[in-house]
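1 is the number of the first residue of the sequence shown in the numbering used here; add one for each residue after it.
We treat Cβ as the ideally placed atom computed from N, Cα and C, and that holds for glycine.
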Amino acid sequence: MEATITSILQDSANKSLASTKLHAELDQGTAIRDALSRIPNLAWSHSNEVSNDFRSDYVTKPSLCMLEAIITTSLGDGDTGEDVETNSFQDYIAGLAGHESALVVVSGTMGNQVALRAALGAPPHSVLADYRGHIVNYEAGGAASVCGATMRMAVPSNGHHLTLDDVKRYSVLSETMYDSPTRIISLENTLNGTILPFEEIQAISEWARAQTPPIHMHLDGARLWEALAAGSCTLREIGACFDSIQLCMTKGLGAPLGSVVIGSAAFIKRAKWSRKLFGGGTRSTGVISGPARAAIENVFFGGKLKAAHVKAKAASELWQQLGGKLQSPTETNMVWLDLEASGLTPDYFFTKAREFGIKSGDLFLQRLVFHYQISDDAFTKLCNFFRSILSG
Ligand SMILES: *Cc1c(COP(=O)(O)O)cnc(C)c1O
């Protein structure tokens, strides 16, 4: 199989000498696709394996276009900034967000922690975040161990999203010897699939920047792509409200690995220290950046997230029509069922779901996540499953 790829790449290289650059690229693309299609059992062409898996959007499988991007990527050193593909990807994503610089990291958690550390000086200091946030609950207490920071956990008074009033109530602005002043406001969008309204983000950002010293605005945008696909705002508009942004390439976009941190050139210079310290300075980062860019272009700009939202909304409407209850409205790709209020036990629900060929439940009970690889067939099965358990 190696020989096949090699000979076909060679073929296309020979052919391309005689044609224009565009034709060469098209030829090469076709040649690579042909070669890949001849490899039996290639995991990269098996995205249908997760077509009925509603547990999370991180189950998405990297796809063929991402493997093609890896085959044609550059192989410079990403740690020292010498990889062409990585530099181009970082410039591309920084440009989309209207910032100067960006830095590829290996995971969303590393991206958030790199950003917190780059934004903070010496303790005492605190980070304000929604009490449900990833930074608070799922990052091994990083802010405390890595930055010596206190987490201030804010509870949204409206039960949905943090408002400027909430942020004001939970911020520590005084600097007496008793205080651990708020130096970062870390917002998450989407949070559990819900959208933080753009006007609220603008209001919080304006207020934070008017403080002395200004409070750093960080966005945990692991699932920001979903809010953008839902039409909440553009990446550039939301980019203007934050001093640092972390975007995941692996969740809904389905790239094999990687996240990116975005900010000013001075901020990214500091972020590189943290990335190095955390062991995240890696060599051939073209293998991260190539498929990450393919994921943005193919999945996000290809409108595939939006299509998954349409399925999620249709499923939650059917659930409610049948008398089922939800814990929260379906705004993007997540449906939060309220099984108890719907008169169902989790045991019964999950046993039945399996019978209908639906995978769900072992990460978060009552949550169904619609990623772009959920098939029409799985959606139909889900609808039949809903009808069966709610009318039975
Ligand atoms: C998944 C996630 C992260 C962390 O990403 P990893 O790549 O799993 O480390 C951070 N924030 C949010 C909101 C997430 O959903």
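{"Asked": "Any idea which residues DSSP pairs Met151 with across the strands?", "Found": "Val127"}
{"Asked": "Of the choices Asn52, Asp53, Phe89, whose alpha-carbon is the least far from that of Ala69?", "Found": "Phe89"}
{"Asked": "My assumption, with CB atoms under 8 Å, is that Ser171 sits in contact with Thr163. Please give the rounded CB distance.", "Found": "Rounded, the Cβ-Cβ distance is 13 Å, inconsistent with contact."}
{"Asked": "Quick one: grab the DSSP three-state call for Leu9.", "Found": "No answer about Leu9 holds up, because its pLDDT of 48 lies below 50 and its placement is not dependable."}
{"Asked": "Name the two residues that bound the continuous alpha helix (DSSP H) containing Leu326.", "Found": "Careful: Leu326 lies outside any alpha helix (DSSP H), inside the beta strand (DSSP E) at 325-328."}
{"Asked": "Any contact between the stretch 189-196 and the stretch 208-225? By contact I mean 3 or more CB pairs, one from each, below 8 Å.", "Found": "yes"}
{"Asked": "At a threshold of 6 Å, does Gly29 count as lining ligand 1 (C-beta to nearest heavy atom)?", "Found": "no"}
{"Asked": "Taking 6 Å as the line, does the beta carbon of Phe282 fall inside it for any heavy atom of ligand 1?", "Found": "Correcting the residue identity first, residue 282 is Thr in this sequence and not Phe. It does not: the Cβ of Thr282 is nowhere closer than 6 Å to a heavy atom of ligand 1."}
{"Asked": "In three-state terms, what does DSSP make of Val106?", "Found": "coil"}
{"Asked": "Are Glu226 and Asn298 close, meaning C-beta to C-beta below 7 Å?", "Found": "no"}
{"Asked": "If you measure from the CB of Ser375, is any heavy atom of ligand 1 nearer than 6 Å?", "Found": "no"}
{"Asked": "Could you check whether the stretch 247-261 touches the stretch 25-38, counting it as contact only if at least three pairs of C-beta atoms, one from each stretch, sit closer than 8 Å?", "Found": "no"}
{"Asked": "Extract the residue ranges of the beta strand (DSSP E) inside the stretch 275-334, only unbroken runs of 3 or more that lie entirely within it.", "Found": "325-328"}
{"Asked": "Closest to Tyr58 by C-alpha separation, out of Phe385, Thr345, Tyr372, would be which residue?", "Found": "Tyr372"}
{"Asked": "For Gly427, which residues does DSSP report across the bridge?", "Found": "Because the chain in this structure spans residues 1 to 392, residue 427 falls outside the shown range and cannot be described."}
{"Asked": "What residue ranges within the stretch 15-79 form continuous alpha helix (DSSP H) runs of no fewer than 4 residues, ordered along the chain?", "Found": "21-37, 64-71"}
{"Asked": "From Thr60 to Leu173, what distance separates their C-alpha atoms?", "Found": "42 Å"}
{"Asked": "Is any non-hydrogen atom of ligand 1 found closer than 6 Å to the C-beta of Asn188, if you look at the structure I gave you?", "Found": "Correcting the residue identity first, residue 188 is Glu in this sequence and not Asn. Glu188 Cβ: within cutoff of ligand 1."}
{"Asked": "DSSP three-state call for Arg367: helix, strand or coil?", "Found": "strand"}
{"Asked": "Write down the C-beta distance between Ala315 and Leu382 rounded to the nearest angstrom, noting that I regard them as a contact closer than 8 Å.", "Found": "6 Å"}
{"Asked": "How do the stretch 116-131 and the stretch 141-150 stand: do at least 3 beta-carbon pairs fall below 8 Å, yes or no?", "Found": "yes"}
{"Asked": "Terminal residues of the continuous alpha helix (DSSP H) containing Asp347?", "Found": "346-355"}
{"Asked": "Whose C-alpha, out of Arg275, Ser264, His218, Gly254, is nearest the C-alpha of Phe242?", "Found": "His218"}
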